[in-house]
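Q: Let me give you the structure first, and then I'll get to my questions.
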Amino acid sequence: MVTIALDPTPYHSTHSLLEFPDVAARAGYDALQLTPHPDFGPFFRYPKADDALVRNLKKRAADAGVRIPAILPVQRLAWPDETRRRAAVRNFRRIIELAVQLEVPVINTEFSGRPDELQEDSEAAFYTTMEELLPIIEREGIRVNIDPHPDDFVEDGLDAWRVIRALNSDSIGFVYVASHTFHYGDRATSLIPELGARLGAVYAADTFDHNRSHGLRYITNPPGNAVRVHQHLRIGDGDVDWGELFGTLAASGYFERDDALVVSNVFGEDETADETSRFQLDRIRQLVDEARSAD
Numbered sequence: 001m002v003t004i005a006l007d008p009t010p011y012h013s014t015h016s017l018l019e020f021p022d023v024a025a026r027a028g029y030d031a032l033q034l035t036p037h038p039d040f041g042p043f044f045r046y047p048k049a050d051d052a053l054v055r056n057l058k059k060r061a062a063d064a065g066v067r068i069p070a071i072l073p074v075q076r077l078a079w080p081d082e083t084r085r086r087a088a089v090r091n092f093r094r095i096i097e098l099a100v101q102l103e104v105p106v107i108n109t110e111f112s113g114r115p116d117e118l119q120e121d122s123e124a125a126f127y128t129t130m131e132e133l134l135p136i137i138e139r140e141g142i143r144v145n146i147d148p149h150p151d152d153f154v155e156d157g158l159d160a161w162r163v164i165r166a167l168n169s170d171s172i173g174f175v176y177v178a179s180h181t182f183h184y185g186d187r188a189t190s191l192i193p194e195l196g197a198r199l200g201a202v203y204a205a206d207t208f209d210h211n212r213s214h215g216l217r218y219i220t221n222p223p224g225n226a227v228r229v230h231q232h233l234r235i236g237d238g239d240v241d242w243g244e245l246f247g248t249l250a251a252s253g254y255f256e257r258d259d260a261l262v263v264s265n266v267f268g269e270d271e272t273a274d275e276t277s278r279f280q281l282d283r284i285r286q287l288v289d290e291a292r293s294a295d
């Protein structure tokens with residue numbers, strides 16, 4: 001059974017953390033992925049949740065009939081500056097504690113290094129971080145999946161998989177973010193089979209291919225800016241080949257796994273968040289059914 005979870009980021013400015021389970025339920029979801037929020041796990045900072053907040057969140061989720069299969073923190077795990085890297089390790093230890101308290105089995109995250117520093121410095125920082133965190137992750141039975149986010153020290157999907165594979169741990173997997181696919185190298189049909197059981201989560205949002213139109217799909221000024229532009233649009237509003245992506249997922253057996261997770265994470269349409277959330281749920285279900293039928 002594929003779990004389809006809502007990313008509540010569009011509601012961060014209009015709803016409290018404890019309201020997110022009800023928001024997800026009203027949109028038809030029975031699952032919610034927690035994303036960086038000031039009351040829980042802010043970007044790059046120490047988590048702010050205490051035991052009471054965790055208890056209240058678990059109760060609100062149970063009352064709404066909504067599971068929390070994963071949380072998404074973003075910390076500077078591969079930052080080349082040692083002070084910030086050490087802070088990220090401390091913060092992530094607390095995130096693992098919160099996941100255990102919430103009985104959440106999956107943490108989805110990013111490398112969070114720098115492409116404009118020497119890449120080997122960020123890679124070295126990442127492995128130093130994982131030397132500290134991996135024993136805790138494995139002891140607690142948590143699965144951590146990593147997305148090579150645009151503007152990270154590694155952006156190409158295959159190169160990122162090599163970095164993850166080198167850890168030699170089944171506890172560390174890959175997040176395939178559809179709206180990052182063109183930064184990954186547009187290689188879903190070859191990368192997903194390579195990942196196999198280490199594909200831990202898929203995010204469903206659309207984007208334009210920044211390589212098309214002679215690199216002018218987006219225009220930034222001045223020309224040559226070192227930027228990585230992408231969106232998180234409704235499925236169908238960009239250039240992602242959804243039939244190819246979901247067909248590859250089906251052929252790889254992903255949808256038959258008990259832990260298969262697809263997260264709707266549209267960010268660019270907050271003014272239509274309710275409608276968009278419902279649309280995404282229906283479209284993801286349709287894509288899963290079509291891919292299974294064709295497989």
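Per UniProt numbering, the sequence shown starts with residue 1, numbered consecutively.
Glycine included, every Cβ here is placed at the ideal spot set by N, Cα and C.
By how many angstroms is the C-alpha of T128 removed from the C-alpha of V154?
A: 16 Å
Q: Report yes or no: do three or more beta-carbon pairs, one from the segment 91-108 and one from the segment 135-147, lie closer than 8 Å?
A: yes
Q: Determine the DSSP secondary structure at A226, reduced to helix, strand or coil.
A: coil
Q: At the level of alpha carbons, what is the spacing between D237 and G28?
A: 22 Å
Q: So, with DSSP's three-state summary, where would you put G141?
A: coil
Q: Specify the secondary structure class of R67 as computed by DSSP and reduced to three states.
A: strand
Q: Could you say if the segment 112-121 and the segment 204-212 meet the contact criterion of at least three C-beta pairs nearer than 8 Å?
A: no
Q: Going by beta-carbon coordinates alone, are R67 and R76 separated by less than 9 Å?
A: no
Q: Over what stretch of residues does the alpha helix (DSSP H) that includes N91 continue unbroken?
A: For N91, the enclosing alpha helix (DSSP H) starts and ends at E82 to L102.
Q: Let's see if you can read the secondary structure: which residues bound the alpha helix (DSSP H) around S16?
A: Taken as a continuous stretch (DSSP letters only), S16 belongs to no alpha helix (DSSP H), as it is neither H nor E.
Q: Among F255, F20, G157 and L57, which one has its Cα closest to the Cα of R285?
A: F255
Q: For A99, collect the residues of the same chain with a Cβ closer than 7 Å to its Cβ; drop the 5 residues on either side in sequence, then sort them by chain order.
A: I71, I107 and I142
Q: Note down the Cα distance separating I192 from S16, rounded to an integer number of angstroms.
A: 36 Å
Q: Need the endpoints of the beta strand (DSSP E) that Y203 sits in, please.
A: L199 to A204
Q: In three-state terms, what does DSSP make of S293?
A: helix
Q: Indicate whether D233 and D206 have their beta-carbon atoms separated by less than 9 Å.
A: As written in the sequence, residue 233 is Leu, which differs from the Asp given in the question. With respect to D206, L233 sits close: the two C-beta atoms are nearer than 9 Å.
Q: For Y46, which residues in the same chain have their Cβ closer than 6 Å to its Cβ, ignoring the five residues on either side in sequence?
A: N91
Q: On the premise that L281 lies in contact with I4, defined as a C-beta separation below 8 Å, what is that separation, rounded to the nearest angstrom?
A: 6 Å
Q: Alpha carbons only, please: which of L167, Y184, K48 and R198 is nearest the one belonging to R228?
A: Y184
Q: With a threshold of 8 Å on Cβ separation, who are the neighbours of G247 within its own chain once the five nearest residues in sequence on each side are excluded?
A: A291, A294 and D295
Q: Which whole runs of the beta strand (DSSP E) in the segment 109-182 are 3 residues long or more, in chain order?
A: 143-147 and 172-177
Q: How long is the line joining the alpha carbons of D259 and W79, rounded to whole angstroms?
A: 30 Å
Q: How long is the line joining the alpha carbons of F126 and G41, rounded to whole angstroms?
A: Roughly 20 Å separates the two Cα atoms.
Q: Under three-state DSSP, which class holds L77?
A: coil
Q: Would V202 and L261 qualify as a contact pair, given that the criterion is a beta-carbon distance under 9 Å?
A: yes
Q: Spatial neighbours of L134 within its chain, please: C-beta separation below 8 Å, excluding the five flanking residues on both sides.
A: L167, S169, S171 and I172
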